[in-house]
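Heads up, the sequence shown is in our numbering, so the first residue is 423 and it goes up one at a time. Glycine residues also receive a C-beta, built at the ideal position from the N, C-alpha and C atoms. In this text the structure is predicted, and so the values were computed from the model without any measurement. Take a look at the structure set out below.
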Amino acid sequence: MNRRNNSPMAASVAAAGNGSGIMALMQVDVFIPPGLSAQQTIELGRLAERNGIRALWCYNYIADPDPFINLSWLARETQRLRMGPVAISPFQMHPLIMANSLLTLNELSGGRAEIVVGGGGAVMTAMGLQPKRKLRAVRECVEFLRAAADSKEQAVNYSGQLYTVRNYRAEWLTQPPPALLIGANGPQMASLAARIADGMMMSDFTVPMVEEMARIASDARAPGDAVAPAFRISNFFAWHVKADRAQARDEARRYLVLRGILQPQYLLSFLSQEETDFVQQRMPVFWQAWRQQTGEFPGVPDELIDRLIDNLTLTGDLSDIDRLIGELRRFAAAGLTEIALGLHDDPAEGIRQIGRHIVPALQ
423 MNRRNNSPMA
433 ASVAAAGNGS
443 GIMALMQVDV
453 FIPPGLSAQQ
463 TIELGRLAER
473 NGIRALWCYN
483 YIADPDPFIN
493 LSWLARETQR
503 LRMGPVAISP
513 FQMHPLIMAN
523 SLLTLNELSG
533 GRAEIVVGGG
543 GAVMTAMGLQ
553 PKRKLRAVRE
563 CVEFLRAAAD
573 SKEQAVNYSG
583 QLYTVRNYRA
593 EWLTQPPPAL
603 LIGANGPQMA
613 SLAARIADGM
623 MMSDFTVPMV
633 EEMARIASDA
643 RAPGDAVAPA
653 FRISNFFAWH
663 VKADRAQARD
673 EARRYLVLRG
683 ILQPQYLLSF
693 LSQEETDFVQ
703 QRMPVFWQAW
713 RQQTGEFPGV
723 PDELIDRLID
733 NLTLTGDLSD
743 IDRLIGELRR
753 FAAAGLTEIA
763 LGLHDDPAEG
773 IRQIGRHIVP
783 ALQ
């Protein structure tokens, strides 16, 4: 399969600045595991900054520490590292409240805050919400956040179809505005992001899927417009690299069902329809392996598990680093300006590996 992309969007973002004056093939971010304390977040953030990582992202999960609060502690302990929560939904948090939290974090960090706004997921399910018009809600949220970040001199009055804010003026703002990204796992959100946001973040997308989303983002721009090189395209991708190959594969197996929830749109980028149907029929087995943290899949061939791991994650031991760098470069050629590597059982060691091997290779 040809994984290269010659789209205008890919060409415009193939070499993005990393803030240091060095042109990077692709910038490197990390996702720290959910459920960490503020102190753990600080320690991992300091380590990420020392290892040349651009940004640290925190999940927004059910019953987790508040990501804005944890990141506010981190903001005071770092100088260059960018940071943000993923993903915050306007159904979960009204855009006005979201703006206050985001802009406060941005002030504390000296202008290093970012956010991924999404349509909602597990948190909203836990709240018993059944959101409608997700696209409209995300659009209005991003529009208001942008206006709020520019409200120092003049109050904002926003009247949308879903959200209304009157007389919002943040006179206390001193920093450049935070970066606003949209969580985009489908074409409509990708098109919206290309029109109104600073970038978009996908989750678990394979190289062919990234190519298609980059094309959609490029096509969403008005005919004749130059593609803005500053538009950012990111993708969460799981990182399972250990000194011991067996440990790496075991970790990848235990978390495998979370990779795109093994939905057909992900699997069909590298499996046949018959193989995809086989996986769908055995989803209870995959969920059980995750819940019990066994990594065992009765009735599923190991060869198929290996193909899922090899296409939906970056997994291996240190002898695989060159191969994994090659895969990351294919992501960059497909249109990514940055990659957000998801850390799991030993995030500190993952950060050290990424700083030692991956960051230098992508500059």
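Length of the line joining the Cα atoms of residue i and residue j
| i | j | result |
| --- | --- | --- |
| Ser-459 | Asn-492 | 7 Å |
| Ala-648 | Arg-654 | Because Ala-648 carries a pLDDT of 46, less than 50, the predicted location of this residue cannot be relied on, and no value is offered for it. |
| Leu-567 | Glu-696 | 45 Å |
| Thr-698 | Ala-601 | 37 Å |
| Gly-764 | Asp-666 | 19 Å |
| Gly-467 | Cys-480 | 11 Å |
| Pro-706 | Ala-606 | 27 Å |
| Gln-669 | Gly-717 | 11 Å |
| Arg-558 | Leu-614 | 10 Å |
| Pro-487 | Leu-478 | 16 Å |
| Leu-469 | Leu-503 | 10 Å |
| Glu-771 | Ala-660 | 14 Å |
| Glu-562 | Arg-729 | 40 Å |
| Glu-536 | Phe-490 | 11 Å |
| Tyr-580 | Ile-519 | 14 Å |
| Ala-794 | His-516 | Absent from the structure is residue 794, since the part of the chain shown begins at 423 and ends at 785. |
| Gln-685 | Leu-693 | 12 Å |
| Gln-501 | Gln-462 | 17 Å |
| Glu-565 | Gln-576 | 16 Å |
| Glu-529 | Arg-671 | 41 Å |
| Ala-639 | Asn-482 | 25 Å |
| Gly-582 | Ser-523 | 21 Å |
| Thr-586 | Arg-637 | 33 Å |
| Phe-658 | Gln-715 | 22 Å |
| Leu-527 | Asp-572 | 15 Å |
Assumed close pair residue i, residue j - CB separation to whole angstroms, cut-off 8 Å
| i | j | result |
| --- | --- | --- |
| Ala-612 | Met-623 | Actually they do not touch by this definition, with Cβ atoms about 11 Å apart. |
| Pro-769 | Pro-455 | 6 Å |
| Asp-742 | Arg-681 | The Cβ separation is near 18 Å, so there is no contact. |
| Pro-512 | Val-560 | 7 Å |
| Leu-689 | Val-701 | 6 Å |
| Ala-619 | Leu-603 | 6 Å |
| Leu-447 | Arg-752 | Their Cβ separation, rounded to whole angstroms, is 11 Å, which puts Leu-447 and Arg-752 out of contact at 8 Å. |
| Ile-773 | Val-452 | 6 Å |
| Ile-727 | Arg-643 | About 40 Å separates the two Cβ atoms, so there is no contact after all. |
| Asp-724 | Lys-664 | Rounded, the Cβ-Cβ distance is 19 Å, inconsistent with contact. |
Neighbourhood of residue i by C-beta distance below 7 Å, restricted to the same chain and skipping five residues each side
| i | result |
| --- | --- |
| Arg-555 | Leu-584 |
| Ala-570 | Ala-521, Leu-525, Val-578, Tyr-590, Ala-592 |
| Ser-531 | Ala-497, Met-505 |
| His-766 | Pro-455, His-662, Glu-673, Tyr-677 |
| Ala-548 | Ile-484 |
| Lys-574 | Ala-592, Glu-593, Leu-595 |
| Val-629 | Arg-425, Arg-752, Phe-753, Ala-756 |
| Gly-457 | Asp-486 |
Same chain only: Cβ atoms within 8 Å of residue i, ignoring 5 sequence neighbours per side
| i | result |
| --- | --- |
| Leu-551 | Phe-513, Gln-514, Gly-542 |
| Val-450 | Gly-474, Ile-475, Arg-476, Glu-760, Ile-761, Leu-763, Ile-776, Ile-780, Val-781, Leu-784 |
| Arg-704 | Phe-719, Gly-721, Val-722 |
| Gln-687 | Met-631 |
| Ser-656 | Asp-451, Leu-603, Gly-621, Met-622, Met-623, Met-624, Leu-758, Thr-759, Glu-760, Ile-761, Ala-762 |
| Pro-553 | Ser-511, Phe-513, Gly-541, Gly-542, Met-546, Ala-559 |
Close Cβ partners of residue i (< 6 Å) along its chain, the five nearest in sequence each way excluded
| i | result |
| --- | --- |
| Trp-495 | Ala-460, Ile-464 |
| Gly-533 | Gln-597, Pro-598 |
| Gly-540 | Ala-509, Ser-511, Gly-605 |
| Arg-588 | Asn-579 |
| Val-538 | Val-508, Ala-509, Leu-603, Gly-605, Met-623 |
Open item on the list: Using a Cβ distance threshold of 8 Å, determine whether the region 756-767 contacts the region 626-635, with at least three qualifying pairs required.
Closed with: yes
Open item on the list: Using a Cβ distance threshold of 8 Å, determine whether the region 589-604 contacts the region 544-554, with at least three qualifying pairs required.
Closed with: no
Open item on the list: Would you call the region 465-480 in contact with the region 767-778, where contact means no fewer than 3 C-beta pairs closer than 8 Å?
Closed with: yes
Open item on the list: Suppose only complete runs of 4+ residues qualify. What are the alpha helix (DSSP H) ranges in the region 628-693, listed by chain order?
Closed with: 629-641, 667-676, 686-689
Open item on the list: Using a Cβ distance threshold of 8 Å, determine whether the region 709-718 contacts the region 746-754, with at least three qualifying pairs required.
Closed with: no
- [ ] Tell me the start and end of each unbroken alpha helix (DSSP H) in the region 510-567 that is at least 4 residues and wholly inside, in chain order.
- [x] 517-530, 544-548
Open item on the list: Taking 8 Å as the cut-off, does the region 664-682 touch the region 726-737 (at least 3 CB pairs, one atom from each stretch)?
Closed with: yes
Task: Runs of beta strand (DSSP E) lying entirely within the region 733-785, each at least 3 residues, in chain order - done: 735-738, 760-764
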